[in-house]
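Residue numbers (the numbering used here), protein chains in the order written: chain E, 677 to 784; chain X, 116 to 291; chain H, 89 to 732; chain L, 8 to 391; chain Z, 263 to 388.
First the structure, in the form of structure tokens, and then the observations on it.
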């Protein structure tokens, strides 16, 4: 059932689908990119996608807690980026390389 | 409603385009700049959802701080020439793409499936959000006060950890 | 102030003191650390006094304050709260702990002045006070056990405080391990009670126990109380687990006074008094307790006669006095036991601190053969020590007299008692008089045998202050429990305040008859007379005729040697218990462990290894493969959820 | 943006006008700066072209636009050309959010056969509820411009200059952000217009439920009297944010040539100029708004002025328009004073060393801003 | 959307982008581009010696450390904004003391972090 209103009446679902698409884009980035820093960036993308759904749910349920959660997610994401980049810099100083193919030491 | 719809589709397009560029551009600096663009677009999406303060914070924290850090670090590294940007192995690559695609499909399916329920594309309840930032502050400092303080401690710990990391002279594989 | 807040202050104050001193353990100032610790304990003491006053204001039947901090564990039928109970018994006990504890903290400021780890020392002391309070106030056996273990730990740490000395460190180990045996028995006793009564709350146990009163040896109450009693012998140094206490004298002397004389070692007695309805329900256990108690009295007193180390003498004296308390418990005279616990806390803490003062003056010399004539160097120490001596002797009018004679009388008079118990108790009292007089004579009186290089000096006022306070308490402490028969002839007929105070806690001995005043006076006269004679003999012998003592000991050398070597109990334990156990465990290890269990595990390990090498191929160290597994798992989960 | 074609059109035109206002201010400022610096340094400055050298502006514009468009070989062309364009965006977006005067009402009127209005147009690009947060967020994007230019030039001087500038900008953003917390505490809002409204009328303190009005009625109720330390910190941080002397470490000539725009010339250079002066203007506008009553006039409230103008015989709408105009002038006077202070400081103070600069930001201004915040909170808590 | 006219912002952004790009092309059209510049002119700026690539220049790691610390402190400051804006409401609701205490704890953590950063010489530029 195709409804033209799908394009004109913007509702919760639109935002959720947008969030899903962004999330999976970020997931592809994490799975496929070899540069550790780009992987970190893809993770940020995923977190942003989740934030969109948080705020959309918050708005359509009239609950401000969604925004507070986003606030927290942003904080944690920034903290994660800080630590991740500090690690990346340490690794770069040591190996002159941030391609994760060179760090496959963690295996059984 | 058409203006809102137009804005949404415009923003959705720019967001997704930015996301695609992040994943596909092989020069990490371009990828980072695309991500910054995506962040700004997401902030705009927040505005369409009437989360004004969070949108501002998204600009300040994500676009203005985190991504600047990414760009700075990439410039420090000078990683213009990437030997290989994408993972080797056609089979695993296909499986990975398939997994992501399946996940997207399943999630969208789930959203559409559940939309026949109560959370359909109905308009939001007309809540009297007189000043959403004040409400946000009120909730943050009453309901979520512990998380708030814990985050303060977390940030402190991370500051300490980052400084310690930047001092370290190498990994666990012996020292030069 | 609400009771919860008061309780919080009472408990938290020493804990905070412990934390402060623990965190500043690198500091070396005895004054600062000591004042922090002393103030912490003093605050607790004030809280204890306030509790006591609050109880005073209540009706005698309802004197009980239960402070519940919430649920600790709640598993099926086991439900334990962080509950702390203040009733007449525990209120007196916390007064003793914090009061005497405070005095000993103050004494320590002077005594530990030159030590480097003084902050650590005070931290441990505060830690001990905190755990002792938990032990005393805990309203269930589990809470009590927490404190029980905590004081054990504090005791271990403090005995081995100078752990760089190997002997002292191993003394701490010995105390700890010996206590473990008792603790194991304590736990078994607890399990027995829980299985049979379904609760570990002391109040509920006390209420439930009389319903199972029995006379067999294998009944619930008998077995449970027996195991608890074994636990008590461990903590309170009774036969057969008393061996750790004399060695525990390796710790600093104030520690010996606080932990190994006044408070911790009385925990076993306190446990029995606390649960007296349960123990009364098991007459066989009571008999065992009385016998063990009286045997300990005699054994420890006889060893005490031969010892030459001032602290060892006091240690055996402590063991022997604890024996009296158990004797009193065994014959059902719980009030008398508690009375003696209290007076003993005063005079024994006094004597230990006095000995600390002497040792301090003698520059860490503990051998009484190298002392003598210290009276003129240490007038205050001598005076206060003499008060303790008079008290322990049972001199009429001093505190020890009232409590000890109460015990002796009850051991004769109680339906659970026996004339032989009295006889052995009186013998113990005679021996006590002898060795304490000997100690006095060799240390303070007679000619000085002090080596020339040592110049004894009186201690600082900060150390004398606790001595004086405790001396006063040793003298007047007995007047709270004047026996009925003496009260009857005194003007105004003072009542036995203590018995009245504890009336609702301590159950009366079943089937006790009206006291025979004439008989009581006679027995009192006999024991006092015997003690006087023996003290007099000791005085003449050790002040004037030391040669006679020498020649006498030479004549009975084998016996003397046996007693001097503490009846070779340590050697017995080593030869017949510890070494065989070690050999047995070695064999068990060699045959069962190596040949059977190890082989099973190797086999299982090989199996796992085979499987692992397959799974390992999945774990290739590539982060993105791992992420892919997560993603695939997500897809599968979602599919499953959607299909449902 | 509006509910009908007319309003949307007016608003769009208004936005473009605001942008052009900002752009055209730059040559004037450049001229002012050159003449001003010459005055300070006892020189003449540009005085040949036109009266007082005023036509120098035009000459400069012609020169800029006729320069050869040039990029070095090692430059990354995409970034190199995109950076100056992006330099305009954050400054303009932020500047458009600052209210410049009272809104003016347009009564309903007939046009093309239908009734339009009534309308209320604000004299600013757009009104934003979370104004401060928006301005901070947008101006934090300026770091990208710097980094893009530095990286895109392919020169080590540019890169070093860009990194320095970025590190400096973000360091002072902390002090800037924190110095504003006191202002937010004071007014309890993020909205700039509400802040200006709170500053109207004579100075009055409210403590313990009593209101003490200043004895001298013409002293305005400005934020500077409540937040003097906040103002100093804000203004100093704003200097550093706009990379002006004494904080222009990004372009220390002796070490870095000209910083991140070493390789730029001609019109691209001018765009960076516009961006930089734009930041100056934002800082001046915000300082005016936070601490000096915005477009308000000391001693008289807009309503009183409206009554006075009505007394001159104007219609309601005409009086409103004139009122707006007078307030716009009031705003611009304050605004110009701050801009002059910027220029004066640039030609008065010497440059900091880089370590001094970072120390000042992290170890002096940040603690002071924090102390200011705490003090403000405690006082507000104590008096209410 | 009354609180943030998104349309206006986007319109202005796009307008400036187009305007700026147009100006650049205009300048290029007027100023022109020469095809045969000398190698020296096409090189990046250097003072008297052959040009050095930016890759060879070493950049202090301090820059990124400063940036990371900036992020962390920036978030803490951002957390103060909702507090600042609702502070008067809290006081009006009689919740002044709890909010003062909780923010006091937070600011204490902030101050400790700053103090630690200064003490550990992470903020030293030498």
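Just so it is clear, CB atoms sit at the ideal spot from N, CA and C, and this is done for glycine as well.
Keep in mind the model is a prediction, meaning the values are calculated, not measured.
Cβ distance (whole Å) where residue i is taken to contact residue j below 8 angstroms
i: residue 368/L; j: residue 247/L; result: 7 angstroms
i: residue 399/H; j: residue 344/H; result: 6 angstroms
i: residue 381/H; j: residue 420/H; result: Not a contact, Cβ separation roughly 12 angstroms.
i: residue 176/X; j: residue 177/L; result: Not really, about 12 angstroms apart at Cβ, beyond 8 angstroms.
i: residue 693/E; j: residue 223/X; result: 6 angstroms
Residue-chain proximity (residue i, chain E), Cβ-Cβ < 8 angstroms
i: residue 235/X; result: Annotation note: pLDDT 45 at residue 235/X (below 50); position unreliable, coordinate value reported separately. Chain E, which has a Cβ nearer than 8 angstroms to the Cβ of residue 235/X, makes this yes.
i: residue 326/Z; result: yes
i: residue 330/Z; result: yes
Interface residues of chain E facing residue i [CB-CB closer than 9 angstroms]
i: residue 333/Z; result: 754, 755, 757, 758
Beta carbon proximity, residue i to chain X, threshold 8 angstroms
i: residue 186/L; result: no
i: residue 133/L; result: no
i: residue 715/E; result: no
i: residue 723/H; result: yes
Any C-beta of chain H under 8 angstroms from that of residue i
i: residue 207/X; result: yes
i: residue 776/E; result: yes
Between the CA atoms of residue j and residue i - distance to the nearest angstrom
i: residue 96/L; j: residue 278/Z; result: 6 angstroms
i: residue 188/H; j: residue 437/H; result: 8 angstroms
i: residue 219/L; j: residue 227/L; result: 14 angstroms
i: residue 256/H; j: residue 245/H; result: 11 angstroms
i: residue 514/H; j: residue 632/H; result: 27 angstroms
i: residue 160/H; j: residue 187/L; result: 48 angstroms
i: residue 768/E; j: residue 734/E; result: 41 angstroms
i: residue 485/H; j: residue 427/H; result: 15 angstroms
i: residue 599/H; j: residue 132/H; result: 41 angstroms
Residue i: contacting residues in chain L (beta-carbon distance under 9 angstroms)
i: residue 370/Z; result: What residue 370/Z touches in chain L: nothing, since even the nearest Cβ is about 10 angstroms away.
Closer than 7 angstroms at the beta carbon, the chain X residues around residue i
i: residue 744/E; result: 251, 254, 255, 259
i: residue 87/L; result: Per Cβ cutoff of 7 angstroms: no residues; residue 87/L is ~13 angstroms from chain X at best.
i: residue 268/Z; result: 122, 159, 162, 163
Listed by chain order, chain E residues near residue i by CB distance under 8 angstroms
i: residue 352/H; result: The contacting residues do not exist; residue 352/H stays about 49 angstroms from chain E at best.
Minimum Cβ-Cβ distance from residue i to chain Z less than 8 angstroms
i: residue 263/X; result: yes
i: residue 135/X; result: no
i: residue 283/L; result: no
Interface flag, residue i vs chain L, CB-CB below 8 angstroms
i: residue 449/Z; result: Residue 449/Z lies beyond the residue range present for chain Z, which begins at 263 and ends at 388; the question has no answer from this structure.
i: residue 273/X; result: no
i: residue 175/X; result: yes
Contact set between residue i and chain H, taken where Cβ atoms lie within less than 7 angstroms
i: residue 214/X; result: 716, 719, 720, 723
Contacts that residue i makes with chain X (C-beta to C-beta distance below 9 angstroms)
i: residue 730/H; result: 221, 224, 225, 228
Contact list for residue i against chain L, beta-carbon separation under 8 angstroms
i: residue 277/Z; result: 22, 23, 26
7 angstroms Cβ cut-off: residues of chain E touching residue i
i: residue 337/Z; result: 751, 754
Against chain H: residues of the stretch 218 to 230 of chain X by CB proximity under 8 angstroms: 218, 221, 222, 224, 225, 228
Interfacial residues, the stretch 699 to 724 of chain E to chain H, with Cβ spacing under 9 angstroms: Cβ contacts with chain H come from 703, 706, 707, 708, 709, 710, 712, 715.
Residues from the stretch 129 to 159 of chain L in contact with chain X, defined by Cβ distance under 7 angstroms: 136, 137, 140, 141, 143, 144, 145, 147, 148, 150, 151, 154, 158
Members of the stretch 96 to 118 of chain H near chain C, C-beta cut-off 9 angstroms: Chain labels in this structure do not include chain C; the protein chains are E, X, H, L and Z.
Residues, ordered as in the chain, of the stretch 137 to 150 of chain X that lie near chain Z by beta-carbon distance below 7 angstroms: none
Chain X contacts from the stretch 163 to 189 of chain L (Cβ-Cβ distance under 7 angstroms): 166, 170, 173, 177
Contact list for the stretch 344 to 375 of chain Z against chain L, Cβ threshold 9 angstroms: So the list reads 345, 346, 347, 348, 349, 350, 351, 353, 354, 358, 359, 361, 362, 365, 366, 369, 372, 373, given in the order they occur along the chain.
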